[in-house]
Ligand code: GTR
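Numbering (our numbering), first residue to last: 165 to 580.
Following this line, the structure appears as structure tokens:
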């Protein structure tokens, strides 16, 4: 009995790959109360409380997106009518801002299902670029800066042929297209390279009057803000493309790009569905819970993702005037989906569930049901009405199981 208990403990500890000083004990998560939503009516939420909370997220977490970035320009650079064996039309669209020539622009890859006019569309950034998302060998290799990775074939900060398709399991294009949805994606590093100094060659420096000499202040945008801006420009283009139903755009992202899809969804209500896949700390996970990654850890490793002020909450999460339930509430009454993975303790699955649960009262103001349950559901058991949630078997990743739920969720909410 004793041996088997010890074995069980050792096995689960291994699965969690504990780092020193990181808490994985549910009895030690703390009990700081969440900031209050202060609910009155749906009208007052929309006209008063939502804007207040939105501003708090700008000031304390992600920073303000400058209003004067300038108008974007769209150029369709290639079209292939028989992509993926005839299943889809594939287009590349170069998005630039003529008034900001220092920003090299972004290359969007759009797949629309052949035979479906006006397809609803999933919009999301990728970690590896369009050639990593697509299984098709004629997709141009990204030429932009990437983090070196032997395993993924990124050498001297550039993609090689070996990187083709390395992200395709996270983007099951056939499955999505066969259900009648379009997919639009771009490499997040096109907008801003993801490193401490990446902003100097990205959009933020191009927009700031001090360029690469900018000293970022509290309330000014971080990388997540810049990436989110990119998602909105993709939405701008999609609303001009006759093959896409520009009124039905779902924004999706994984991990740091899940934090990004949430912030994009908060800022841009054209995203009618907002999906967070394993977004964790700084995303859907409640920051007041000390479980897995914390504000202290994330602001030390990735301060450039956030506005400068956010770093001041390292070790003082309870001092922050917002928490993740308020971020989810910013989506209301639009449908939102939060996903966790059972081995992804780093992202704090329960904290991700609870942000959905505690956003529920805002949805209720609009007469909508949220996650619909009080306790986290069993593994692989999706729940929820206007706030979807599941905790899938396996590790930090995007899988067909995740996509199946997102497709079902979108099909249910957007049934014509
Ligand atoms: C981790 C980070 C997480 C998550 C993840 C990812 O290193 O601690 O917050 O964003 O990266 O984006 O894959």
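All C-beta atoms, glycine included, are put in the ideal place defined by N, C-alpha and C.
Computed from a predicted structure; not experimentally measured.
Residue i, buried or exposed, once every other Cβ within 10 Å from all chains shown has been counted against 16
i           : result
residue 231 : exposed
residue 169 : Note on residue 169: pLDDT 37, under 50, position unreliable in the model; the coordinate value appears next. Exposed: under 16 other Cβ atoms inside 10 Å.
residue 233 : buried
residue 576 : exposed
residue 330 : buried
residue 647 : Absent from the structure is residue 647, since the part of the chain shown begins at 165 and ends at 580.
residue 312 : exposed
residue 464 : exposed
residue 265 : exposed
residue 354 : buried
residue 375 : exposed
residue 409 : buried
residue 516 : buried
Spatial distance of residue i from residue j (CA atoms)
i           : j           : result
residue 327 : residue 316 : 6 Å
residue 423 : residue 443 : 5 Å
residue 397 : residue 348 : 11 Å
residue 333 : residue 294 : 13 Å
residue 382 : residue 472 : 5 Å
residue 309 : residue 528 : 45 Å
residue 581 : residue 192 : The requested residue 581 is not part of the displayed model; the chain covers only 165 to 580.
residue 538 : residue 190 : 17 Å
residue 280 : residue 344 : 7 Å
residue 554 : residue 499 : 14 Å
residue 514 : residue 185 : 19 Å
residue 380 : residue 541 : 42 Å
residue 258 : residue 183 : 42 Å
residue 582 : residue 549 : The displayed coordinates of the chain run from 165 to 580. Any statement about residue 582 would go beyond what the structure contains.
residue 387 : residue 202 : 30 Å
residue 428 : residue 229 : 10 Å
residue 414 : residue 244 : 24 Å
residue 545 : residue 286 : 23 Å
residue 416 : residue 335 : 11 Å
residue 282 : residue 256 : 18 Å
residue 466 : residue 360 : 7 Å
residue 445 : residue 261 : 32 Å
residue 547 : residue 495 : 18 Å
residue 284 : residue 468 : 33 Å
residue 320 : residue 557 : 35 Å
residue 175 : residue 461 : Residue confidence is low: residue 175 scores 38 on pLDDT, short of 50, so the model does not pin down where it sits. Its coordinate-derived value is still stated next. So the two alpha carbons sit approximately 25 Å from each other.
residue 404 : residue 237 : 12 Å
residue 356 : residue 226 : 15 Å
residue 198 : residue 296 : 40 Å
residue 501 : residue 559 : 18 Å
residue 324 : residue 314 : 11 Å
Coil, strand or helix - residue i by DSSP
i           : result
residue 150 : As displayed, the chain neither begins before 165 nor continues past 580, which places residue 150 out of reach and without an answer.
residue 533 : coil
residue 392 : helix
residue 488 : helix
residue 170 : For residue 170, the predicted structure reports a pLDDT of 36, less than 50, and the residue's modelled location is therefore unreliable. A value from the coordinates is still provided. Residue 170 falls in the helix class under three-state DSSP.
residue 331 : coil
residue 276 : strand
residue 409 : strand
residue 573 : helix
residue 314 : coil
residue 224 : helix
residue 254 : strand
residue 543 : coil
residue 233 : coil
residue 305 : coil
residue 441 : strand
Among the options, the one whose alpha carbon lies nearest that of residue i
i           : options               : result
residue 567 : 217, 368 and 440      : 440
residue 504 : 498, 494, 579 and 518 : 518
residue 240 : 234, 227 and 254      : 254
residue 221 : 296, 526, 318 and 487 : 487
residue 204 : 525, 571 and 536      : 525
residue 411 : 242, 322, 574 and 494 : 574
residue 497 : 200, 209 and 457      : 209
residue 493 : 437, 464 and 314      : 437
residue 195 : 455, 371, 387 and 243 : 455
residue 187 : 478, 462, 458 and 469 : 458
residue 390 : 408, 358 and 404      : 358
residue 399 : 375, 314 and 289      : 289
residue 477 : 224, 447, 374 and 506 : 224
residue 219 : 408, 385 and 346      : 385
residue 401 : 292, 559 and 350      : 350
residue 491 : 535, 426 and 536      : 426
Any non-hydrogen atom of the ligand SAM within 7 Å of residue i CB
i           : result
residue 465 : Of the ligands one can find in the structure shown, namely the ligand GTR, none is the ligand SAM.
Q) So, do the region 263-282 and the region 340-352 have three or more beta carbon pairs nearer to each other than 8 Å? A) yes
(Q) Could you check whether the region 448-466 touches the region 477-493, counting it as contact only if at least three pairs of C-beta atoms, one from each stretch, sit closer than 8 Å? (A) yes
Q. With contact counted as at least three CB pairs below 8 Å, one residue from each stretch, are the region 498-512 and the region 233-253 in contact?
A. no
Q | Cβ contact (3+ pairs, closer than 8 Å) linking the region 425-445 and the region 304-322 | A | no
Q) Does the region 363-376 come close enough to the region 263-270 to have 3 or more Cβ pairs within less than 8 Å? A) yes
Q. Is the region 204-224 touching the region 412-422 in the sense that three or more CB pairs, one from each, lie closer than 8 Å?
A. no
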